[in-house]
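When we follow the working numbering, the leftmost residue of the sequence shown carries the number 1016, and every step to the right adds one. Where a beta carbon is used, it is the ideal one built from N, C-alpha and C, also for glycine.
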Amino acid sequence: MTLLYIVLATTAGGLLSVAIAAGLTLAVLGRIVRHLVSLSVGVLLGTALLHVLPEAFESGVEPHRLFATLLGGLLFFFLLEKAELYRHGHHHEGDGHHHHHHFDAEQAGSGGWSVLLGDSIHNFCDGIIIAAAFLADLQLGMVTAAAVIAHEIPQEVGDYIVLLNAGFSRGKALLYNALSGLASVVGGVLGYFVVGPWEALFPYLLVAASSSFVYVAVADLLPQLQQRLSLRSTLAQLGWIAAGLGLVVIVKSLQHGH
1016 MTLLYIVLAT TAGGLLSVAI AAGLTLAVLG RIVRHLVSLS VGVLLGTALL
1066 HVLPEAFESG VEPHRLFATL LGGLLFFFLL EKAELYRHGH HHEGDGHHHH
1116 HHFDAEQAGS GGWSVLLGDS IHNFCDGIII AAAFLADLQL GMVTAAAVIA
1166 HEIPQEVGDY IVLLNAGFSR GKALLYNALS GLASVVGGVL GYFVVGPWEA
1216 LFPYLLVAAS SSFVYVAVAD LLPQLQQRLS LRSTLAQLGW IAAGLGLVVI
1266 VKSLQHGH
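Structure below.
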């Protein structure tokens, strides 16, 4: 059953993002991405700091080792992004970030395959993270999968918008995003069979998962929200972040209630 949960969880984010992208106009998608980025900040930080890290530190492993793993994970994801192999596609023309015209064409035109490659590697890592969480604890796996999905939807929709603005047809952009999403399933299944027998590694893998969540939230998402906005827009951002944190707190309370 654990493998089934992993496959369902790793498939869900890709399917949801493709369904949302297919059913909405470009203008509506742009507005949704902005709100989902704020929501993702709350969900990712809340999941990492309130769920996954406490679970890892309660395992009895020497804290210094876990903190070293956290540091190594942050540096690892920094280097992956430096090599453009861990990209986050939330930018698009008309998103309020004041990119120059044809920014997306430069990002995804002839280098469109590098965008998709980076997205696939990102999804593959997410799949392994989900598998490790489910193997450690079923409820923790569900919470972790929800956090990954919350981030994956704006990421995939953002990539879809970039590819559209770069000249890809709607059908091809959706197809490539769907294929990229399958990398998460591959990572999840591989993680199940490779990580499963090594139960002693679970605390370290949970910390590595947390480092991914913290890195994406702090290095990628929060800087996107650091722009001069009206009071109303700023309050909306804070509201979506609070909503993300609130979801995590509710799930945590329900978990302890069982």
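Beta-carbon gap between residue i and residue j smaller than 8 Å
i     : j     : result
E1171 : G1196 : yes
A1162 : G1203 : no
A1028 : I1164 : For the record, residue 1028 in the displayed sequence is Gly; it is not Ala. Yes, the Cβ-Cβ distance between G1028 and I1164 is below 8 Å.
L1041 : H1166 : no
A1024 : L1189 : no
F1139 : A1198 : yes
V1264 : P1169 : no
S1053 : L1240 : yes
I1176 : L1044 : yes
V1210 : L1216 : yes
Selection from the options that minimises the alpha carbon distance to residue i
i     : options                       : result
V1158 : R1049, L1031, L1018 and V1266 : V1266
A1224 : L1030, H1050, T1084 and V1056 : T1084
G1156 : N1180, L1221 and L1054        : L1221
G1057 : V1233, Q1241, Q1242 and L1244 : V1233
Y1020 : L1153, P1212 and A1193        : L1153
S1011 : A1193, P1078, G1186 and L1031 : The requested residue 1011 does not occur in the structure, where the chain is confined to residues 1016 to 1273.
V1022 : L1236, V1200, L1216 and D1235 : V1200
E1096 : L1246, D1235 and L1081        : D1235
G1173 : H1066, T1026, H1050 and V1067 : H1050
G1261 : S1248, L1237, H1066 and G1182 : H1066
R1046 : S1248, S1268 and G1259        : S1248
P1212 : A1151, S1032 and F1082        : A1151
A1098 : H1079, L1081, F1082 and H1137 : H1137
Own chain, CB closer than 8 Å to residue i, minus 5 neighbours either side, in chain order
i     : result
A1034 : none
F1093 : Y1230 and A1234
L1237 : V1056
L1018 : V1204 and Y1207
L1251 : Looking at the sequence itself, residue 1251 is Ala, so the reference to Leu does not match. Once the five neighbours on either side are set aside, the close Cβ partners of A1251 are H1050 and S1053.
Own chain residues within Cβ distance below 6 Å of residue i, not counting five before or after
i     : result
P1218 : A1071, S1074 and V1076
A1063 : S1225, F1228 and V1229
Y1191 : L1131
L1179 : A1188
M1016 : none
T1026 : V1200
L1068 : S1225
A1160 : A1024 and I1145
L1031 : I1168
Spatial neighbours of residue i in its chain, beta-carbon cut-off 7 Å, leaving aside the 5 residues before and after
i     : result
G1206 : G1142, I1143, A1146 and A1147
H1116 : Summary for H1116: the model assigns pLDDT 47, below 50, so the residue's position carries little reliability; its value from the coordinates is reported in the next sentence. So the list is empty, once near-sequence residues are dropped.
L1269 : none
For this session: Determine contact between the stretch 1080–1096 and the stretch 1246–1256, defined as no fewer than three beta-carbon pairs at a distance below 8 Å.
Result: no
For this session: Would you mind listing the alpha helix (DSSP H) stretches within the stretch 1023–1075 that are 4+ residues and don't spill past its ends, in chain order?
Result: Runs of the alpha helix (DSSP H) inside the stretch 1023–1075: 1041–1061 and 1068–1072.
For this session: Counting only runs of 4+ residues fully inside the stretch 1213–1270, write out the alpha helix (DSSP H) ranges in chain order.
Result: 1217–1230 and 1237–1240
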